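Undergrad:
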Amino acid sequence: MLPLLSHQQTLEPLYLDYLDALEQRGFRGDIDRRYSARLAQATDNSVYQFLPQAVLYPRDSADIAMALRLACEEAFAKVVFSARGGGTGTNGQALTHGIVLDLSRHMNRVLEVNPEEGWVRVEAGVVKDALNDALRPHGFFFSPDLSTSNRATLGGMINTDASGAGSLVYGKTSDHVLELTSVLVDGSVLHTAPVSREALESGEKVTDNPLGNKLITEVARRCREQRELIEQRFPKLNRFLTGYDLKNVWDQQLCEFNLSRILTGSEGTLAVVTEAKLDITPLPASRLMVNIKYDSFESALRHAPDLVLANATVVETVDSKVLNLAREDIIWHSVSELIQEVPGKVIDGLNMVEFAGEQAQVDERAERLAVALDAQIAAGEKGVLGYQLTRDAGSINKIYAMRKKAVGLLGATKGRRKPIAFAEDTAVPPEKLADYIMEFRALLDSHQLQYGMFGHVDAGVLHVRPALDMCDPKDEALLRTVSDQVAALTQKYGGLMWGEHGKGVRGEYGPQVFGEQLWSELEEVKTLFDPQNKLNPGKLVAPKGQQLIYNVDSTKRGSFDRQIPVSVRDAFPDVMNCNGNGLCFNYSRFSPMCPSFKVTGDRIHSPKGRAGLMREWLRLLESEGVDVNLLAKSKPMGLLQRLQNSLNAKKEYDYSHEVMESLKGCLACKACSGQCPVKVDVPKFRAQFFSIYYRRYQRPAKDYLVAGVEDSVQLMAKAPRLSNFAAQNPLSKWVIKKALGYVDAPALSVPTLKQRLDAHPSRGYDLNALSAIPAAERQNYVLVVQDPFNSFYDAELVYRFIRLIEALGLKPVLLPFKPNGKPAHIKGFLEQFAKTAQTSADFLNQVHALGMPMVGVDPALVLVYRDEYREALGAKRGQFNVQLASEWLSAMLEQLPQLPASGREFTWFSHCTESSARPGTAKEWQTIFARFGAKLGTVNLGCCGMAGTYGHELENLPRSKALYEMSWDEAIKSLPQEQILVSGYSCRSQVKRFGGFRPRHPIEALLELTQTQA
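Written out as structure tokens, the structure is:
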């Protein structure tokens, strides 16, 4: 039976006292001591896992200053910190065993845009893509690009000196930093900007901050005195990241010193950056991309220098492994036409070449390249198989989206070994890249390792992720071996191991790169800023006389994961497969992922956070000697015992409650299962957890109400007016709200679907009657599969679908209602769901044997037949197929009447489950409407906030409303009501609640078009 998991990792007394004192001092931000919140910040996009003592979410620089100033007091001398933004680091950069300072929640404003002078001022927690959204109306963008731009913050970019595509033209983040505002270790605030050599040599104070004045003058002196050594030791690389940029801190041409260059790339080890003034770049007048296809990855690599010489703005490459993974992902539907197959050839490498600038210049450069490519293809040279051009900005962005997703896609590799980050951002001179990569490949092949490659060949940076199983101690040891070998290999080719993603725990390789004398200078810089080693200690460099406490052997997630038995890992694959890429932190309100994180800003309410909490839950169960697989099949405790446990829940700590807090906030929209690169399906393991949790604790009454709705609604529909009165009168609403926690309960349709169809030919068929229809005539029949919500609460829709089928010259047959089981699954009644699913599957398989198409109208319910049924039933599911209306209509498109253009325009709003599971649905509907003589537009939106019963629960109402206002409200209000089409029942219910009208389903508009043209 589920035990009480009370032995959480408690806070150290020192940190408890510190947090209490900080609260008493008036810290205005959020102080989070929850074990769940600490676990959510214990990992990033690396293999490492460091559990912090607490998480602070400061509201402003004053909060950070207060926190650091308090830590300077003798009682708290051993309290340490690490600043954190999006948590996208691949080498443990922001992980700490101390306190996390997360600037992303509150310090995320664009403070000032000055297009006249070409700069912007931002807080450190601003997400990179959010900044570009703010700059776009002014005709500018912040040009350093990176694959995690929809969740990485500017503070993180500054601290790692981030860059990405196009860095040869646009440079790194440090090339765009004009001024910084930072909090030093003593709690003082320092503003850093260029200082002239004359001002420094005059001996006058260059700032009113005493510590800051000392730092500026001392670092300036040291860097000037060591100039010759710095020039000698620093490799001549576009992406050379030092940690402390001693080389560029002095602008030799302007004779200016800017301490901001030391802070940029310092990974939070010197100060906490809170604000930045950045220079911005005008948007290019014209863009054009050439996608070049090759017979091998080596051919793509060796051709890259020619492409750089063609004055390309960007040259990006991916190998066949990444391409093949992309083909299996939701992303491929958006780029397949832009990367078409070459007949009779296999594409094993791809170079994406972009030209940007004035149109005449772009066209001239692209034309020269096209002529060269045509000649190479004709001569069979360079391994070039073909190429495609596009100058459509949307298409170019889709290609980049595919490339950006490559990081996460590699985590979707089958098997226990997964491509992981630890030596994936090496940099060598571009002209040596091909030879270097061939030797790199030989190194990995010698260890029998699989790997994927992609990157920025124009800058000599390639991302190489060897596949290792971090639950295997031998593979963990191999990580060290390969790291050492790669570090040596990069030096051999005049490069280094870290070319883009910062050092993090790899600081141990610094001395061999910089040499003893220059390494000593770096230690001096750390000592000047942070002599007590309180800021991100153990990373990059230690103060004089101290040692680095982290290296590539530091604690890894795998050391915890391997404590979970293999059989349990296999039973919870979505929990284990999360690789921390963090795409679920996508800031955009137009992205379907992840609504619960967007509305709360709490990382425990994200797929990544939930997977991390579940892994710890499984580990703790194993430490208690509990076999979770047996537990899942065990009988629940008795009712009295469950009630008693629930009453004691507020008195007794149980880590299971923290997992429950996280999972019950999930909307079960399943956007994660489609949008996540590794397809983490939170609703799936959420249902597994609920099923086990409620073996110890008593379920709320509302769960039983939801799970039984498919049975109860059939009874209520026998007397719909009476049922509506019983549920909709003021007293009943009050009772339902107070006793069950439900609001806005929908009313049953009157008349019912049965009443509408009493005299309709679509009724009266049973399986025997259907079987008697001659096989040659069966193609004229369409079987309508009912669902509980549309059939009983929106009967008019189902009725109109039947009429549409008739209008198309076909014969509709309304199948008997069979419970789908989704409501039971959402609440974790897995045994009940499996029985319902089997009964329904058996019936649908019988019908399937008739060879007639089966069609349902609600995306969420229809998709359950494909996903949850397959998970619950396996082979017992059978071969039946229930299609969505758009699928069915698309399949028979040529048989549909071609209606003349009507001039009618509609706009389709997708259900989030539908858009994630079937990203091509929008194109299907657009093609169908064109056949019916109308134009259909689409809008990209996030979740509406209803998500089945989620929005009807009182405790979720504020978040449900906030999600609607965040994403749907503006779009709904901007269009005429008659133009709006919404395919999901829950979405239509939400619009009815907050928009004040019921929008139509697309099939209703199609029926109208057929009647208009009749």
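Residues 1 to 1014 (full-length UniProt numbering) make up the sequence shown, in order.
Using N, Cα and C, we set each Cβ at its ideal position, and we do this for glycine too.
For clarity, every value in this text was computed on a predicted model and none was experimentally measured.
For residue 819, which residues in the same chain have their Cβ closer than 6 angstroms to its Cβ, ignoring the five residues on either side in sequence?
TA: Within the same chain, residue 819 has close Cβ partners 710 and 836.
Undergrad: In terms of alpha-carbon separation, which member of 123, 389 and 753 lies closest to residue 287?
TA: Taking only the C-alpha atoms, the option nearest residue 287 is 389.
Undergrad: With distances taken from CA atoms, which of 432, 228, 949 and 461 is nearest residue 252?
TA: Among 432, 228, 949 and 461, the Cα nearest to that of residue 252 is on 228.
Undergrad: Comparing alpha-carbon positions, which option in 581, 621 and 422 lies nearest residue 1056?
TA: Since the first residue of the chain shown is 1 and the last is 1014, residue 1056 is not available in this structure.
Undergrad: Per DSSP, what kind of secondary structure is residue 347 in: helix, strand or coil?
TA: Of the three classes helix, strand and coil, the one that applies to residue 347 here is coil, per DSSP.
Undergrad: Report the rounded CA-to-CA distance for residue 94 versus residue 156, giving the unit in angstroms.
TA: Rounded to the nearest angstrom, the two C-alpha atoms are 9 angstroms apart.
Undergrad: At what residues does the alpha helix (DSSP H) containing residue 972 begin and finish?
TA: Note, residue 972: alpha helix (DSSP H), 969-973.
Undergrad: Would you grab the beta carbon distance between residue 807 and residue 1007 for me? Rounded to a whole angstrom, and I think it's under 8 angstroms.
TA: The Cβ separation is near 6 angstroms, so the contact holds.
Undergrad: Take every Cβ of the segment 251-270, pair it with every Cβ of the segment 531-545, and state whether three or more of those distances are shorter than 8 angstroms.
TA: Enough Cβ pairs lie closer than 8 angstroms, so yes.
Undergrad: Considering only residues of the same chain and omitting the five flanking positions on each side of residue 941, which have a CB-CB separation below 7 angstroms?
TA: Excluding positions up to five away in sequence, the list reads 590, 909, 967, 968 and 971.
Undergrad: With respect to the beta strand (DSSP E) encompassing residue 825, which residues constitute its N-terminal and C-terminal limits?
TA: Per DSSP, residue 825 belongs to no beta strand (DSSP E); it is in the alpha helix (DSSP H), 822-826.
Undergrad: Cβ of residue 399 within 8 angstroms of Cβ of residue 301?
TA: Their beta carbons are not under 8 angstroms apart, which means residue 399 does not touch residue 301 by this criterion.
Undergrad: Counting C-beta neighbours from all protein chains within 10 Å, is the total for residue 666 16 or more, i.e. buried, or is it exposed?
TA: Buried, by the Cβ-count rule.
Undergrad: Look up residue 339 in the DSSP assignment and say whether it is helix, strand or coil.
TA: Three-state result, residue 339: coil.
Undergrad: First and last residue of the beta strand (DSSP E) that includes residue 723?
TA: Unbroken run through residue 723 is the alpha helix (DSSP H), 720-728; no beta strand (DSSP E).
Undergrad: Around the Cβ of residue 364, are there at least 16 other Cβ atoms within 10 angstroms (buried) or fewer (exposed)?
TA: Per the 10 Å Cβ criterion, exposed.
Undergrad: In its own chain, which residues sit with a C-beta less than 8 angstroms from the C-beta of residue 596, not counting the 5 before and 5 after it?
TA: Around residue 596: 605, 606, 665, 666, 667 and 959.
Undergrad: If you reduce the DSSP assignment to three classes, tell me which class residue 333 lands in.
TA: Three-state DSSP puts residue 333 in a helix.
Undergrad: So, are the CB atoms of residue 291 and residue 387 less than 8 angstroms apart?
TA: Contact: yes.
Undergrad: Please classify residue 245 as buried or exposed, where buried requires at least 16 other C-beta atoms within 10 Å of its C-beta.
TA: With 16 or more other Cβ atoms within 10 Å, it is buried.
Undergrad: Please identify the residue among 492, 587 and 885 whose C-alpha is closest to the C-alpha of residue 235.
TA: Ranking 492, 587 and 885 by Cα distance to residue 235 puts 492 first.
Undergrad: DSSP puts residue 453 in a beta bridge; with which residues?
TA: DSSP output for residue 453 lists 464 as bridge partner(s).
Undergrad: Please name the residue or residues paired with residue 812 in a DSSP beta bridge.
TA: Partner(s): 782.
Undergrad: Give the straight-line distance between the Cα atoms of residue 137 and residue 131, rounded to the nearest whole angstrom.
TA: Residue 137 and residue 131: Cα-Cα distance of roughly 11 angstroms.
Undergrad: Please confirm whether residue 330 and residue 675 have their CB atoms less than 8 angstroms apart.
TA: Yes. Within cutoff.
Undergrad: Mind checking whether residue 885 and residue 1003 have CB atoms under 8 angstroms apart?
TA: Going by C-beta atoms, residue 885 is nearer than 8 angstroms to residue 1003.
Undergrad: Report, in whole angstroms, the separation of the C-beta atoms of residue 148 and residue 86, which I expect to be a contact under 8 angstroms.
TA: Between residue 86 and residue 148 the Cβ distance is about 7 angstroms, and since that is below 8 angstroms, they are a contact.
Undergrad: With burial defined as no fewer than 16 other Cβ atoms inside 10 Å of the residue's Cβ, what is the status of residue 547: buried or exposed?
TA: The residue is exposed, with fewer than 16 neighbouring Cβ atoms inside 10 Å.
Undergrad: Between residue 263 and residue 180, is the Cβ-Cβ spacing less than 8 angstroms?
TA: A contact, by the Cβ cut-off of 8 angstroms.
Undergrad: Have a look at residue 592 and residue 713 and give me their C-alpha separation to the nearest angstrom.
TA: The straight-line gap from Cα to Cα measures roughly 30 angstroms.
Undergrad: If we ignore side chains and look at the alpha-carbon of each, how far apart do residue 30 and residue 128 end up?
TA: Going by the C-alpha atoms only, they are around 23 angstroms apart.
Undergrad: Using DSSP with H/G/I as helix, E/B as strand and the rest coil, what is residue 392?
TA: Three-state DSSP puts residue 392 in coil, outside helix and strand.
Undergrad: Could you say which of 868, 495, 356 and 89 lies nearest to residue 143 if we only look at CA atoms?
TA: Answer by Cα proximity: 356.
Undergrad: DSSP three-state call for residue 245: helix, strand or coil?
TA: Looking at residue 245 - three-state DSSP - the assignment turns out to be coil, as it is neither helix nor strand.
Undergrad: Anyone know if the C-beta pair for residue 844 and residue 880 falls short of 8 angstroms?
TA: Yes. Within cutoff.
Undergrad: Give the straight-line distance between the Cα atoms of residue 188 and residue 209, rounded to the nearest whole angstrom.
TA: Cα-Cα distance, rounded: 7 angstroms.
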